[in-house]
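> First residue of the sequence shown: -1, per my numbering; consecutive thereafter.
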Amino acid sequence: MTRGKFIVLEGGEGSGKTTFGERLKLEFPEIVYTQDPGGTPLGEKIRDLLMADETAGIDARVELLLFLAGRAQLVTEIIKPALESGKNVISNRFGLSSIAYQVYGRERPELLSLYSSVSAEILQGCVPDACILLDVTPETGAARVHARPETPTRFDKESLDFHARVREGLKKHVGEFGKPFIIDSEKPLEEVWTEVRNIVQSILQ
Ligand code: TMP
-1 MTRGKFIVLE
9 GGEGSGKTTF
19 GERLKLEFPE
29 IVYTQDPGGT
39 PLGEKIRDLL
49 MADETAGIDA
59 RVELLLFLAG
69 RAQLVTEIIK
79 PALESGKNVI
89 SNRFGLSSIA
99 YQVYGRERPE
109 LLSLYSSVSA
119 EILQGCVPDA
129 CILLDVTPET
139 GAARVHARPE
149 TPTRFDKESL
159 DFHARVREGL
169 KKHVGEFGKP
179 FIIDSEKPLE
189 EVWTEVRNIV
199 QSILQ
């Protein structure tokens, strides 16, 4: 059985991951879609905990470990079995977000080694084949988030400086998550969508 392909969609707040994820589901219905944090019953509980205002101010190490715990369950329960049975998987976020948000956003460079050592234990060989990074400025991202009906999460509410650091981390480390594709997501939606769809198509061929 040939292993399936593993593609990750990454980007800051308001970069279009969810919009394009929904479109990809319609265009490629045979792919297994998931989200990180989340994607499993335990992962969704961890996600709720991490997004809630009551979690504000937790130790950055604990925050990172919670994201890693959710990811460990996601790999074991969903990603690994799907890839091993030959199915292709697309995840809305994955490990690059931990580096960008917990290491760069939180300005905790020493957490990179914790990230790397725990990831080596939990990924079970499930490293992405490609990472599509939807790049937007923090200003554009914030404007898009504020235009949404959903209540902002505690990450949405972080400062523009925080999101600028996240963007720096995403761009610096995208090459560590399979073949990198950086898309300028400031461009008109249909143009970005065409790029995303063509990239996914080319990876699956
Ligand atoms: P989203 O999936 O709706 O974009 O929200 C998830 C939020 O969690 C987003 O603000 C980024 C953040 N996050 C981290 O801080 N670390 C991580 O490892 C992951 C996967 C997400």
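We put the CB at the ideal spot given by N, CA and C, even for glycine. Being a predicted model, the structure only gives us computed values, none of them experimental.
Residues with a Cβ closer than 5 Å to any heavy atom of the ligand TMP, in chain order?
Ordered along the chain, the selected set is D34, F65, R91, S95, S96, Y99, F153.
> Could you name the residues that DSSP lists as bridge partners for S89?
Counted from its first residue, the sequence shown places residue 89 at position 91. Beta-bridge pairing links S89 to V6, T32.
> Given this structure, state the Cα-to-Cα distance separating R146 from H161, to the nearest angstrom.
To locate residue 146, count along the sequence shown from 1; it is residue 148. To locate residue 161, count along the sequence shown from 1; it is residue 163. Their Cα atoms are separated by approximately 18 Å.
> Quick one: is Q199 buried, meaning 16 or more other Cβ sit within 10 Å of its Cβ, or exposed?
What you label residue 199 is simply residue 201 of the sequence shown in a count that begins at 1. So Q199 counts as exposed.
> Would the region 85 to 98 count as touching the region 48 to 56 if we require 3 or more Cβ pairs under 8 Å?
They do not touch, by the three-pair rule.
> Which of the three DSSP states is assigned to K155 in this structure?
Taking the sequence shown and counting its residues from 1, one reaches residue 155 at position 157. Coil.
> Taking the C-alpha atoms as reference points, what is the distance between G2 and G176?
As a first step, residue 2 is located in the sequence shown; it is residue number 4 there, counting from the start. As a first step, residue 176 is located in the sequence shown; it is residue number 178 there, counting from the start. Answer to the nearest angstrom: the Cα atoms are 14 Å apart.
> Which residues in the same chain have their Cβ closer than 6 Å to the Cβ of G36, if we skip the five residues on either side of it in sequence?
To locate residue 36, count along the sequence shown from 1; it is residue 38. The residues are E42, R45.
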